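A.B. asks: Numbered per my numbering, the sequence shown spans residues 718 to 1009. Note that CB positions come from ideal geometry on N, CA and C, so glycine has one too. Just so you know, these numbers come straight off a predicted model, no measurement behind them. The structure that follows is given in the form of structure tokens.
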Amino acid sequence: MYDQPLPPVPWVCTAGLATQHPFLTPGGYMQVVLKELAKTGLKMVLLIDNYPPWEPTGNTTDDKLPLTSAIYAPKSATDPTLTAKGVLLGRMQLVVVTPPTRPISAYFGPMDDIVRMHPGYLAATNRIQIGSTNGTRVALIPRCIAKISTPGTVHLGRAYGVGHLPLPAPVNFVLSADFDESCDGGFRIVDLGPLTVPLKVRFQPEGNQELTPFDSAIVLKNSDGQPNGLALGIKAAGAFPITFNQWHDTPTSLTVSNRPLPLYYSAQLQKTGAPMVPGEFSQQVTIQVTFQ
718 MYDQPLPPVP WVCTAGLATQ HPFLTPGGYM QVVLKELAKT GLKMVLLIDN YPPWEPTGNT
778 TDDKLPLTSA IYAPKSATDP TLTAKGVLLG RMQLVVVTPP TRPISAYFGP MDDIVRMHPG
838 YLAATNRIQI GSTNGTRVAL IPRCIAKIST PGTVHLGRAY GVGHLPLPAP VNFVLSADFD
898 ESCDGGFRIV DLGPLTVPLK VRFQPEGNQE LTPFDSAIVL KNSDGQPNGL ALGIKAAGAF
958 PITFNQWHDT PTSLTVSNRP LPLYYSAQLQ KTGAPMVPGE FSQQVTIQVT FQ
């Protein structure tokens, strides 16, 4: 579910009766928005102030959200005009009605009449029209949209525990992210259009391995199961240490024009401070990819 705050909307209304309350209705373009959202299997829910959730329709006359907390009173001691004012605060939720089986998107341009605020009666002119000055694109994509290819084996070199010989230099490796056309019912990449997919990647050690403080490296063991005094660390772009078992954002997004997407990392041995024990070792790491 998409859930984001809406920009605040200051308002002032005047009315003829103190018993009236302002109310919201769908605007003239609400039906356009709802139809586009329906194409992607979504519906809109608006949470305005502390009022009940409002699921607007295309009905501009009968679908009302009364703002019962807004009270009309004389503007001043010398001006009897019944006035109410405040600031509309709220959130917009886009709720999945039909889970996607393939990537789909919808677009609607700038519109100045998506929601209307009336003073207490359906007003033809004495009303506030709320819209958006920017175009909006909504994309709904299945969770298996992306796949990742790995180099298989990364050889870390040979470490010596005698004297003060340095550990092997970091070893660079590249992951390759791309769209997975076999996802769910399948889709064609050429049909994705301008879809942009921000990715997240996670590294998980196999075998329930012990991690160093802050989960920054995997404590390594020789083939006999004995800790060997070394740990395996991974850095994104060769500079930024990753935390194991946590998702981290990739620096660039996957798009039709930017695929397959190379993701650059390096692996390096580290000393844990424990005595180094000779022997052979290997460590499996599972790499997962998803979208933000």
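Would you call the CB atoms of residue 759 and residue 914 closer than 8 Å?
C.D. replies: No. Outside cutoff.
A.B. asks: Could you tell me the alpha carbon to alpha carbon distance between residue 753 and residue 989, rounded to whole angstroms?
C.D. replies: Taking the straight line from one Cα to the other gives about 56 Å.
A.B. asks: In its own chain, which residues sit with a C-beta less than 7 Å from the C-beta of residue 720, not counting the 5 before and 5 after it?
C.D. replies: So the list reads 808, 810, once near-sequence residues are dropped.
A.B. asks: Is DSSP giving residue 805 helix, strand or coil here?
C.D. replies: Three-state result, residue 805: strand.
A.B. asks: For residue 871, list the residues DSSP reports as bridge partners.
C.D. replies: Paired residues: none, contrary to the question.
A.B. asks: Name the DSSP bridge partner or partners of residue 834?
C.D. replies: Beta-bridge pairing links residue 834 to 741, 845.
A.B. asks: Using a Cβ-based criterion (distance less than 7 Å to any ligand heavy atom), does residue 881 qualify as near the ligand FMN?
C.D. replies: The ligand FMN is not part of the structure shown, which contains no ligands of any sort.
A.B. asks: Give me, in chain order, the residues of the same chain whose beta-carbon lies closer than 7 Å to that of residue 769; leave out the 5 immediate sequence neighbours on both sides.
C.D. replies: Counting only Cβ-Cβ distances below 7 Å, and skipping sequence neighbours, we find nothing.
A.B. asks: Are there 16 or more other CB atoms within 10 angstroms of the CB of residue 739, so buried, or fewer, so exposed?
C.D. replies: With 16 or more other Cβ atoms within 10 Å, it is buried.
A.B. asks: Would you list the one or two residues that DSSP bridges to residue 810?
C.D. replies: Residue 810 pairs with 720, 762.
A.B. asks: Look up residue 906 in the DSSP assignment and say whether it is helix, strand or coil.
C.D. replies: Here residue 906 sits in helix by DSSP.
A.B. asks: Report buried or exposed for residue 820, applying the criterion of at least 16 other Cβ atoms within 10 angstroms of its Cβ.
C.D. replies: So residue 820 ends up on the buried side.
A.B. asks: Please state if the CB of residue 895 and the CB of residue 978 are separated by a distance shorter than 8 Å.
C.D. replies: Yes, Cβ-Cβ distance for residue 978 and residue 895 is below 8 Å.
A.B. asks: When the Cα atoms are used, what is the spatial distance from residue 845 to residue 741?
C.D. replies: Residue 845 and residue 741: Cα-Cα distance of roughly 9 Å.
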